[in-house]
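Notes follow once the structure below has been shown.
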Amino acid sequence: MEWEQLKQTVYRRDGGLRDIYVRDASRADWAAWIALVNRDYPVQWTVEEYNDQAPACAIDANFIAHWWDDEERTSTSATIFLAHIHVQCYFFGDFELENDICPSEIQCLADHERLMQYLVAVSLTLGKEVVMTEEAIHDAQVFVRVNGRSIHYEDIVQGAGRSH
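Going by the working numbering, the sequence shown opens with residue 631, and the numbers climb by one from there.
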């Protein structure tokens, strides 16, 4: 897909973020994702009132598993760095793996390809589809579907979706 089309659709500056999902995730999927990002990417992990002044450089999978079971939990988040692209994760629930990106951080085709490499790595690690959508909208527009090494661009502007 050409950069200008991606810039005007997937990464348009509309004030919203882009959500990245793995639906029907399990705690085993989360543990595998945490192992992947801890191993392959720079990470900052923060837990409110625990290490918010000095974020950790790795996510503690055991802490997260116990944190989901705690009814009176504080907030926790992680930033995964893909060069200057910040992939945010807030650990909302163990049933769905969600990340956010800011479209303005994707400034060229190389940035897009870096993000796609991350999505492929997640899909291969979990053996599941990864989708990128508009932010927090029910029935949101799906922009990209990644299954293993297959990247499919949904019907973004006109015509049928395209695979890469």
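A virtual CB, placed ideally from N, CA and C, is assigned to each residue, including glycine. Quantities reported herein were computed from a predicted structural model and do not represent experimental measurements.
By the Cβ criterion, the region 688-695 is not in contact with the region 761-772, since fewer than three pairs of Cβ atoms, one from each stretch, lie closer than 8 Å. In this structure the region 724-739 lies against the region 650-664, because at least three pairs of beta carbons, one per stretch, are closer than 8 Å. In the three-state DSSP reduction, Glu728 falls in the strand class (E or B). In the DSSP assignment, Phe693 falls within the alpha helix (DSSP H) that extends over 691-699.
Distance between Arg703 and Ala661, taken at the CA atoms: about 19 Å.
For His714, no beta strand (DSSP E) encloses it, and the DSSP letter there is neither H nor E.
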